[in-house]
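Sequence order for the protein chains is A, B and C. In this text, residue positions in the first sequence follow my numbering: the first is 1, and each later residue adds one. In this text, residue positions in the second sequence follow my numbering: the first is 281, and each later residue adds one. In this text, residue positions in the third sequence follow my numbering: the first is 547, and each later residue adds one. We put the beta carbon where it would ideally sit given N, CA and C, even for glycine. Everything numeric in this text was worked out from a predicted model, so none of it was measured. Contents: one structure, followed by commentary.
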Amino acid sequence: MSPIHDQGYRHYLGEREPHGRAWWVIARSHIVTAMQHRGFRFILLVAWAPFVVRAVQIYVASTNLPVAEFIATTPETFRDFLAQQRLFVFLVTIGQAGLIADDRRTNALQLYLSKPLTRVEYILGKLVPPLAYVLAVTLVPALLLLLLQIVFAGSLAFLRANLFLLPAITLFSIIQALLSAFAILALSSLSKSRRFVSIMYAGVIFFTAAMYQALRGITNSRTWAVISPGEMLDVIANAIFRARAVSPVPVYVAILVVFVIIALSIVILERRIRAVEVVA
Amino acid sequence: MRGAWRVFELSLGEMLWSRRTVFLAIVVGCPVLIAAVIRIVDSLGVVPLRINGQRMDFTAIFGVMIWVLFLRFIVPVLGVFYGTSLIADEVEDKTITYLFTRPIRRSAVLIGKYIAYMVCTTLVVLPGVMLVYFLIVPFNQVAASFSMLITDLALLAVGLAAYGGLFALVGTVMKRPLVVGLVFAFGWEQFALIMPGYVRRFTLMYYIQSLVPHAMPAEGVASLLQAFFTETPSTLTCLVSLAGAIAVSLALAGRVVERREYVLDQ
Amino acid sequence: MQTPALSERSESNGPMITTEHLSKWYGQVSGLNDVTVTVPPGITGLLGPNGAGKSTFMKLVTGQLKPSKGVVRILGEPIWGNPALFHRIGFCPEQDSFYERMTGLGWVTALVTLNGLEPDAATAAAKRGLEAVDLLDAADKKIGAYSKGMRQRVKMAQALAHDPDVLILDEPLSGMDPLMRRRTIRLIREWGRSGKSVLVSSHILHEIESMTSNILLINNGRILAEGNVHQIRELIDTHPHSVFIRAQNTKALARALLVEDGVISMKFEAGAVVVETARPDAFYARLTDMAASGEAGVIDEVTSPDDNLQAVFKYLVKQ
């Protein structure tokens with residue numbers, strides 16, 4: 001072997017990850033980058049403040065204090081907690097507005113798709129971060145609250161009496177996370193400006209809510225809730241947590257609305273995530 | 281002021297034909313669509329709009345739409361979306377260099393863009409309101425309620441000016457002005473309005489809603505609480521307070537812009 | 547807002563730009579470090595590699611950034627917070643950003659209007675500016691449809707349309723094809739001859755060399771050298787001077803030169819000898835004698851690859 005080493009370009013001879021794992025590389029880099037922003041970390045931290053309040057409530061309810069019976073833990077406690085987290089779901093989702101918009105602005109999309117990864121892997125890699133953050137402020141604290149209930153009560157009685165809670169919390173959190181993640185991803189693919197994507201997302205959320213309020217005020221009917229994704233999530237939550245239905249909209253309609261939004265988002269993503277721009 | 285006027289002339293065209301305005305025109309178009317549907321449904325007589333057996337008063341419907349859609353939603357949202365972006369858009373597009381290397385004070389650039397925002401948003405919103413009015417209110421009731429329409433139009437313009445000025449300041453000071461603006465408009469203001477005492481005076485909606493000629497629709501606990509705590513300041517007080525808020529916001533925003541360094545992404 | 551009439555402007559024979567202990571920090575990172583320079587009237591090239599501090603210097607000089615320390619003056623006045631000075635300054639920024647929806651003429655006219663010209667005068671000035679950069683034919687096309695070179699030219703048009711005294715051009719040749727580069731270089735030289743002061747920044751040495759011999763060399767946020775490139779070269783006397791000699795009999799030439807004082811090293815190339823000497827003047831005198839006498843054979847060519855910007859830059863940057 002020659003003592004003089006070749007300083008020229010060398011091909012990588014080490015192990016390569018099998019195909020199909022590129023999505024994790026994309027997702028991990030986004031998660032790491034987002035966590036480096038102080039503001040985002042602050043929002044994630046503040047998002048757990050309601051958890052602390054609820055944890056104290058569950059603790060007090062488990063004691064023999066006179067006030068305990070008034071704040072007893074019920075399935076509605078978890079349903080209400082997840083409803084309260086809606087603000088933080090909005091804030092962490094809107095923080096992901098640049099997921100695809102930034103790539104389009106910097107022409108990185110073409111770079112990504114010139115690598116040996118499919119469009120599905122790219123979309124999956126972009127989907128995981130908003131999913132993860134939304135679940136971090138919904139599913140994780142809600143399950144922890146359930147665990148705290150068991151720990152403070154010192155028995156599994158509550159869980160045995162409400163066995164549906166575990167799948168209910170999981171299912172509702174996943175539905176909410178999927179809806180938010182697909183929506184922000186689809187909007188992000190429509191623009192090169194993350195600020196404009198934020199505006200569109202906030203506009204759609206607030207506008208549909210305002211339209212529902214206006215139509216309800218005019219017609220005195222809650223049926224118009226179908227135009228508001230937030231109201232549809234409430235309908236689904238009431239059904240999953242076996243709470244009293246407030247809206248006359250059937251749960252299957254609510255599920256259909258959510259499904260249509262996700263399907264529309266997928267269609268938009270399929271059309272927008274391309275390696276080349278097709279100029280007619 | 282001439283410099284500000286020239287910036288206005290340059291910015292108006294850009295603002296009017298931007299994607300943001302097209303998107304918001306669609307948003308403002310939805311109430312018009314609702315109004316058209318109400319008109320068609322009523323004129324066909326297919327499903328009369330009634331509540332508890334009573335035929336609906338169309339001026340009341342118009343009032344609800346003004347209150348719920350335009351005043352409580354569209355005006356603050358336009359203020360947030362445009363006001364926070366007056367300078368930020370130019371920085372993001374990297375065209376701010378051309379404006380700040382002209383013999384015009386930076387604050388004049390801000391004022392020029394603010395005036396363009398006012399013209400742009402009033403051109404988008406006010407015709408929409410008029411369309412809604414003429415679609416909903418029957419012709420024989422127009423004469424009686426026309427003054428209410430004029431008041432509403434003026435009120436919406438004042439609201440746009442107030443929110444635009446405030447969020448212009450937020451946009452120049454904050455790094456994430458959009459989120460701060462939304463939290464202020466749909467968080468703080470909703471909360472402060474149901475608080476007793478002086479707290480509600482630290483909102484713009486307190487003064488704007490005091491100028492509204494329509495009765496507030498009862499839409500929930502928050503509205504009921506607001507109605508319970510309402511003591512309405514005089515029209516003069518409201519106008520002076522709003523004018524003061526606009527002037528102070530724009531003055532502070534101008535000061536910030538004069539002193540701030542804008543480092544563009546390479 | 548009145549544009550000062552040409553007759554009212556004071557003739558600027560003084561320095562175009564002066565900085566005194568100018569420094570700029572971005573948090574903990576130093577962008578520019580204690581820069582004291584005087585940029586005279588005429589054409590000056592600002593040279594440095596990427597990350598040297600050229601952009602920071604340009605932004606300080608055009609009032610986009612406030613100095614952390616020190617002062618920067620244009621035409622004798624501080625630039626920060628002094629927008630009136632921009633009547634006399636034209637700036638062509640590096641970034642490729644426009645109001646894409648507007649036509650070239652519309653955009654330049656709108657910007658010139660901001661300089662205080664009335665609409666008709668602004669349109670006329672815009673057309674003159676576009677004509678100067680050979681873009682009048684495409685003036686009514688949207689900027690979004692322009693090629694990279696056209697976009698660069700329309701940027702230059704907006705910088706000079708209002709007839710400023712000082713032109714500050716940040717990488718003006720970027721994206722231009724070779725023909726357009728040559729024309730732009732010629733244009734810049736013409737502006738210099740017409741009395742305008744021009745500061746041009748670039749990292750491409752031969753472009754600056756073809757425009758001017760008056761340079762500012764910058765690296766790591768510090769000014770390495772300023773002035774005439776040849777004078778700078780002469781001052782770098784610790785660095786040996788290279789001389790390239792093409793000759794018929796290179797071996798004989800080498801033997802004759804080897805005994806000369808001041809010859810530090812020699813290298814053979816195809817049909818030539820490259821000599822490094824610490825005493826260039828004495829060496830050239832001896833070489834002339836040798837060529838005249840023919841003692842070392844026929845000498846066909848003598849050049850100094852060292853007496854150019856590239857060598858000066860390479861040497862100073864490596865220091």
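CA-to-CA, the gap between V258(A) and I236(A) works out to about 10 angstroms. Nearest neighbour of L631(C) by Cα position, chosen from I620(C), E640(C), Q641(C), C638(C), turns out to be I620(C). Within the same chain, Cβ atoms closer than 7 angstroms to the Cβ of S291(B) are found at G392, K393, A396, the five residues on either side in sequence being excluded. Taking a beta-carbon distance threshold of 7 angstroms, L292(B) does not count as an interface residue toward chain C. Straight-line spacing of the CA atoms in R242(A) and I218(A) works out to 30 angstroms. Note on geometry: alpha-carbon atoms of D6(A) and E294(B) lie some 57 angstroms from one another.
Rounded to whole angstroms, the separation of the alpha carbons of I199(A) and F303(B) is 10 angstroms. Here L124(A) is not near S189(A), since their CB atoms are 7 angstroms or more apart.
With a 10 Å radius around the Cβ and a threshold of 16 neighbouring Cβ atoms, Q84(A) comes out exposed. Taking each of P129(A), I174(A), P229(A), V134(A) in turn and checking the Cα distance to A27(A), the smallest one comes out for P129(A).
Going by DSSP, F338(B) is part of the alpha helix (DSSP H) stretching over 338-344.
With 16 or more neighbouring CB atoms inside 10 Å of its own CB, I175(A) falls in the buried class. Chain A places a beta carbon closer than 7 angstroms to that of I341(B), counting this residue as a contact. Residue pairing by DSSP places S788(C) opposite E822(C) in a beta bridge.
Residues G808 of the same chain have their beta carbon placed closer than 6 angstroms to that of R825(C), with the five preceding and five following residues left out of the count.
Runs of the beta strand (DSSP E) lying entirely within the stretch 721-800 of chain C and spanning at least 3 residues, in chain order: 743-748, 760-765, 768-774, 787-793.
Closer than 7 angstroms to the CB of D337(B) there is not a single CB belonging to chain C. Contact annotation for I94(A) against chain B: L458, V459, L462 [CB-CB distance below 9 angstroms, chain order].
Counting every other CB atom within 10 Å of its CB across the protein chains shown gives V805(C) a total below 16, marking it as exposed.
Exclusion of the five residues before and after S62(A) leaves F152, A153 as the residues of its chain whose Cβ lies within less than 6 angstroms of its Cβ. Contact of D373(B) with chain C by beta-carbon distance below 7 angstroms involves S643. Within the stretch 25-98 of chain A, the runs of alpha helix (DSSP H) that reach at least 4 residues and sit entirely inside it are, in chain order, 38-46, 49-61, 75-84, 86-94. Secondary structure of S427(B) (DSSP, three-state): helix. Judged by beta-carbon spacing, L82(A) lies within the 7 angstroms limit of T138(A), meaning their Cβ atoms are closer than that value. Under DSSP, T584(C) shares a beta bridge with T564(C). A contact between stretches requires three or more CB pairs, one per stretch, nearer than 8 angstroms, and the stretch 341-355 of chain B meets this requirement with the stretch 400-410 of chain B.
Bounds of any beta strand (DSSP E) do not take in E806(C), whose DSSP letter is neither H nor E.
Only those residues of the stretch 206-230 of chain A whose C-beta falls short of 9 angstroms from the nearest C-beta of chain B are listed: F206, F207, A209, A210, M211, Q213, A214, L215, R216, G217, I218, T219, N220. For S576(C), the secondary structure class from DSSP, reduced to helix, strand or coil, is strand. Taking C-alpha positions only, T608(C) is separated from V617(C) by approximately 13 angstroms. Of the other Cβ atoms in all chains shown, 16 or more fall within 10 Å of the Cβ of V658(C); this residue is therefore buried.
Taking a C-beta distance under 7 angstroms as the contact criterion, V789(C) and S850(C) qualify as a contact pair.
For Y362(B) against G283(B), the beta-carbon gap comes to about 21 angstroms, at or over 8 angstroms, which does not count as contact. Assigned with DSSP and collapsed to three states, L449(B) falls in helix. Between the stretch 439-458 of chain B and the stretch 410-424 of chain B, the count of C-beta pairs closer than 8 angstroms stays below three; the two stretches do not touch.
Beta-bridge partners of T402(B) (DSSP): none assigned.
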